[in-house]
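Here's the structure, in structure tokens; my notes come after.
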Amino acid sequence: LSMTETTPARQELKIWQQNTNRSLLAQTELINSLPVDEFDIVALQEPWLDWLGRTRASRHWEVVYPTRHRDNPRDTRAIILINKHISTNCWTDIDTEDEPTAVRTDEKPHHMMWVGDFNRHHPLWDEDRNNHLFSRANLDAAQTRIDLVVTHGMYMALPKDIPTLEALATKNYTRPDNVFCTVELEEAVMRCSALPEQRPNCTDHMPILTVLNLQVLQNTPQPRPNFRNADWEKFGTVLTTELNKYPAPANIGDTEEFCEILEHLYGSIQAAIGAAIPLTKPSPYAKRWWNSLLKAEQAKMRRLQRLAYECRFNLEDPIHEELRIQRNHYKQEIEKAKKELWEDFLERKSEILHRTFFLTPAPGAEGDITPNYSYPPEAFPFEEITNAQIGRALMKLKPFKAPGPNGIPNVVLQKNAGLLLPYLGPLYRATFALRYYPPQWKLSSTIVLRKPERPDYSAAKAYRPIALMDTIAKTLSSCVADALMFHTERLQLLPNTHFGGRPGRSTNDALQLMISFIKNNWRKGNVVSTLFLDVKAAFPSVSTKRLAHNLHRRGIPRFYVDWIQRKMEGRETVLKFDDFTSEPLAITNGCDQGCPLSVFCYLFYNADLLDVAQPQKQELAIAFMDDVNLIKAAKSFKKANLGLQDMMTRERGALEWSSQHSSAFEVDKLKLVCFSRKRKKTPARSTSKTIPLPRPTLTIDGQRISPAPHHKYLGVILDQELRFHPQAAYAQGKLTKYCIQLKRLAGVCKGMSLGDTRTLFKAVALTRGLYAADVWALPIRVKPGQKRASGAVGFANKLTSAQRMAALVAAGAMRTTATDFLHVHSDLLPMRLTINQINQCMAVRFAAVPDTHPLRKYVDEAKRYPATHRTPLQELFNAFNIDPDRMERIDPVVWKPGWSSPFNIMIAESKDAAKKDVRNNRKEVNIYTDGSEIDGGVGAAAVMYRDGRLIRKVRHYLGKTGEHTVYEAELVGMILGLEMLRRERRTVTAAIYLDNQAAIKATQKDDEVGPAQHLRREAESLYSRVITKHEGINFSLVWVPGHVGIEGNEKADSEAKAAARGEGSPTTELPQALRNPLPLSTSAVKAAYKLSIPEQHKRLLMNAGRLERIQRVDANAPATAYRRTVRSLSRRQTSILTQLRTGHNPLNHHLHRIGARETPFCAHCGTKRETVFHFIMSCEAYREQRTLLRKEIPPTLYNITNLLSHKDCIPELLKYVDQTGRFKRTLAERRRRT
């Protein structure tokens, strides 16, 4: 074992050897009970393996599998766990041709140790009393092992006559396990013995401990601050004391003062961390469910095991029965603890090379950038960062994200923002004014993470570097990125078809734009060729000089560009993977992946690549970060491919961009797809009538690119005819994969509850399985004049089979249960309704995109519904009857960073406090506003009181309930009040009172990009005119509780109800913005459709002929409260209730129907079918239990329907089932099978 002077070493190497009999319980007990800081190697024989061939271990252990494990995991009989505190520099695994697993240390010369279950018996190691085992066949088999021991010069380290196995049937002790070492290690063996008292549950083998006198090169885990258990009050006190030693400056005059303040700030924070943050270190246990109770139970069991071992020859001793009882109890306690807290194991880090992540710029690539280059004028002025902007940036941070090299997490900055802002503000502003970026902010930690689902993790490109930056510097970058992105979007400085990293744009938008372009050209008789480009190491390839050049050319102010250059020059990082941390390494190129500015910078870095396309030539270029595709439409594929070739090779084409930007395209990832549904006639001898048009190859720079039938772009498989069958199959596979994982979390008798299973399925499986469904799964509907449904019917049927698995798991039903019943009892919508709901939400979103969005052109065109080649947008708007012209427009960028609300708001802590404030703080003018929804309409009103007297009232009818919301009405009421105040004579003090806190708080948000955005802007515009007229006015928006007897609020409420019924005021009394009909609210349109879904579900059940049968059990189905009903039930009780309600259960009537029983009759009654009704209501065998049941149930509720559905009857019914014992055996059988 290798050593260094700087690394601590232990003088012992401890090896724990155990056969776990493929028991998960035995293995998890072992892993979680072994103190990690004491044992170095665990040799497992017969380990537990899951269905993927993976074993169970914890983050403290490195798992070493046999060489051929991947080829056939089921043949694996042994694995080795290496403690991660042993340096990876002093051991390596060895390729073996057979089953055994082996590791080799770096000790010279190499010595061997063989440990394991050899399953051989011989007098050399077994007790002499076991002579019945010394048969000729057993001795011959053992001789082979003895010959190998002799050949390699080894000796038996485990002394003779120490048994290692207790036969569960006969209780006889034998010795199949052994330990052999080379003779050179004989002096190093300090201990080798079996530990019968520490034998885990569910295995008949005893552990063997071997201790060697060898030095072990270790990685000592360092204690870490536990910010989740921080004493923030003490932290703030210490931080205040430390900061007061150096008062916050108003301005920073020079670099020396900057460094002093920054050093003082860091020192103060670190002092507070040391004083108020407790330290934590990695737990010695592998699972969080291991607790002190289990440790005590384990100690008790080990004591009994030791005593039972001493009495092993006296099987009549009561100690053996006592041990059996304790073992069972200990096993149950482990199962209980695991059920309460379950945690997956994730493998996160692995080795990677520095040069893979941090490239050097290609020589000569920046030759066209000359000192005299003429840049255009700056597009907008530089603006200093304000304290308000910093405060908002701090609040947006995720509190417990991994910190940078200084160890200060975001939560420290958030919890102490008030104390730190007086220092951060001057520092952030000084870094621009002094043209200085401190070296502390240039040092980062680079964590190496695996990219998911890569086939080969020995390749460097299978890993992703994530930069952990100084959190104070990262907050500054966030402020700068927000400011630059706001002006970029406002002035449209980037190509319009650039997606990703931009507000209000998503992968769905990019896919919709591409497909709309293709299908529009299909209608013109064109074909479309698309070349998908992939930039190799996109972010690491960014050249700082080229990036600055691109920023200047697109109008970014020099003050910002120079600051970005200073930030990117002289950077260093330390690589962290496994147990290794490198020395600081220089970064000469690239953007930090993890810095808020990196996305913004890359958008400008590859923006020129999108300018390659010339729209007048039917060309289009779309980018989502570094995923770029070039699209060309023409009358033939030959012309289209020539157009793509020209786009790549022309002056300022894609290849020139690649050369100038040191960004090589990955040749093996260049994909050509030729999109068309055109077909041509086949030769006479062919059996098909037509075949697809031939797709020619494309040659670029000597590289031939053959057309592919499909390609996965932004997570969606695009086939050459855009029929999306490969994508549907891919989605089905994804959904099935997650449903299989879900089955591991919930069974019939234990696991997650119905509600948790449903939530997890919808949040993870459905979200990923139906990703971009608006692109590939058309709405399912019956069109006028047709009888059969059209749309993604086939896709929905395929996905239903996957969703059925999740519904079975959630409800705990039998596999024979009908899918419709499963949907009702698991509270999941049928797949076709789920697809339609997703599509309707996306249709509403697309209809609301602003005029600057690249999809707006196609949205406006989608009002037409052509006969052929309809785009997904046209299908969506037609299916859900959406008129984009009537929908509100939502702009993703409205309020600039640093914006502060013009409104002063007052929200009391309680209703009583609010009532007192309203009555004690009367203004000269008091305006009460309200919004209301009643009788299918939405309205708003405002009433004005001056000096306590009602002088004016205004009402406005917004529209129907499905078109507008109460939230909109509240904002309209505010606008009406502001208009009344604007028209009023000179006023000194005034207030508008609202009973809706959401509307008041919305006036303070600078990131509000949702519905009713246009009303907020109108309110701000009106208020600016109010303060212009009433100069110096004291004005506030005040929250007043509703319906508590305040006269003005009650009056506004009654007027709002009248407005909702259509009784509006004359338009002359309204502000100009309200004189025309308001655009439809996206929230209202979505909510209205959601309310219609239960009725749609009901119609589906009725058409399938199942509604009547379901409603026999639950009259409210499918709008059932079943999920809420079973919320308080155990997993087992939920399964029983579901099976009773569906009729698919382990009673003989159903088992006979599925061929699992010879007779449908009750085993007790003989001639009566054992149905649910018979079991609950009339079986003579359970008369006594039924009598108890009837005593607990009111006579009016005692019928089969109420017993199965009424919330007060279900607990008593389950008691009855439990008392009969009818379901115990069958559920136990299913549990064992699971």
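Counting in our numbering, the sequence shown runs from 77 upward without gaps. For glycine and all other residues, C-beta sits at the position ideal for the given N, C-alpha and C.
Exposed or buried, what is residue i when buried is set at 16 or more other beta-carbons lying within 10 Å of its beta-carbon?
{"i": "L685", "result": "buried"}
{"i": "Q803", "result": "buried"}
{"i": "K491", "result": "buried"}
{"i": "T944", "result": "exposed"}
{"i": "F751", "result": "buried"}
{"i": "I1230", "result": "exposed"}
{"i": "Q862", "result": "exposed"}
{"i": "A614", "result": "buried"}
{"i": "E1260", "result": "exposed"}
{"i": "S782", "result": "exposed"}
{"i": "L560", "result": "buried"}
{"i": "E419", "result": "Low confidence applies to E419: its pLDDT is 36, below 50, so where it sits in the model is not reliable, and the reading given next is rough at best. E419 comes out exposed."}
{"i": "H1119", "result": "exposed"}
{"i": "D961", "result": "exposed"}
{"i": "S1068", "result": "Before going further, note that residue 1068 is Ile rather than Ser in the sequence given. The residue is buried, with at least 16 neighbouring Cβ atoms inside 10 Å."}
Flag this pair as yes or no: are the beta carbons of residue i and residue j separated by less than 8 Å?
{"i": "S592", "j": "K708", "result": "no"}
{"i": "F303", "j": "I353", "result": "yes"}
{"i": "N682", "j": "D702", "result": "yes"}
{"i": "R196", "j": "A213", "result": "no"}
{"i": "Y1292", "j": "L1265", "result": "yes"}
{"i": "L1289", "j": "L1279", "result": "yes"}
{"i": "Q465", "j": "C335", "result": "no"}
{"i": "D850", "j": "N584", "result": "yes"}
{"i": "L830", "j": "A887", "result": "yes"}
{"i": "C825", "j": "R1208", "result": "yes"}
{"i": "G1038", "j": "A1016", "result": "no"}
Hey, is residue i close to the ligand COA, as in C-beta under 7 Å from one of its heavy atoms?
{"i": "L1227", "result": "Judged by which ligands are present, the structure shown has none, so any question about the ligand COA falls away."}
Of the residues the options, which one's Cα is nearest the Cα of residue i?
{"i": "P978", "options": "M918, L1047 and A1095", "result": "A1095"}
{"i": "W92", "options": "Y941, V1085, Y789 and F115", "result": "F115"}
{"i": "P252", "options": "Q1080, T246, P239 and P323", "result": "P239"}
{"i": "P785", "options": "P772, W971 and S582", "result": "P772"}
{"i": "L1205", "options": "G870, D832, T246 and I632", "result": "D832"}
{"i": "D988", "options": "F837, D1294, H737 and P1117", "result": "P1117"}
{"i": "R150", "options": "P123, W167, T168 and A133", "result": "P123"}
{"i": "K643", "options": "V118, M545 and T279", "result": "M545"}
{"i": "P453", "options": "R634, L157 and T1247", "result": "R634"}
{"i": "E459", "options": "A662, W975 and L836", "result": "W975"}
{"i": "A868", "options": "L836, K992, R891 and N915", "result": "N915"}
{"i": "Q1172", "options": "A697, R1217 and A1193", "result": "A1193"}
{"i": "Q381", "options": "L1177, H396, T835 and L369", "result": "H396"}
{"i": "G1012", "options": "A1136, K714, Q402 and P502", "result": "A1136"}
{"i": "D1071", "options": "D1006, L355, R844 and Q103", "result": "D1006"}
{"i": "T1210", "options": "H1226, H1250 and A889", "result": "A889"}
{"i": "R780", "options": "V743, P770, L794 and P768", "result": "V743"}
{"i": "T1243", "options": "H1225, M1253, E645 and I1252", "result": "H1225"}
For the putative contact between residue i and residue j, defined by C-beta atoms under 8 Å, what is the C-beta separation to the nearest angstrom?
{"i": "Y504", "j": "I461", "result": "5 Å"}
{"i": "M282", "j": "L341", "result": "Actually they are not in contact, since the Cβ atoms of M282 and L341 sit about 59 Å apart, beyond 8 Å."}
Is any beta-carbon of chain C found at less than 8 Å from that of residue i?
{"i": "A154", "result": "Judged by its chain identifiers, the structure shown contains no chain C, having just a single protein chain."}
Please go through the stretch 169-254 and give each complete beta strand (DSSP E) segment of 3 or more residues, from N-terminal end onward.
-> 179-181, 189-193 and 230-232
Entirely within the stretch 1024-1081 and at least 3 residues each: give me those beta strand (DSSP E) ranges in chain order.
-> 1025-1036 and 1065-1070
Along the chain, which unbroken stretches of the alpha helix (DSSP H) at least 4 residues long are found entirely within the stretch 615-693?
-> 620-629, 634-644, 672-681 and 683-686
Inside the stretch 752-793 only - beta strand (DSSP E) runs reaching at least 3 residues = Correct list: 755-757, 766-768, 774-776, 779-781 and 786-789.
In chain order, which alpha helix (DSSP H) runs of at least 4 residues are fully inside the stretch 914-946?
-> 932-937
Which residue spans inside the stretch 788-826 form an unbroken alpha helix (DSSP H) run of at least 4?
-> 801-819
Start-end ranges of the alpha helix (DSSP H) lying completely within the stretch 713-757, minimum 4 residues = 713-725 and 730-736
At which residue ranges does the stretch 554-626 contain complete beta strand (DSSP E) runs of 3 or more residues, listed in the order of the chain?
-> 603-610
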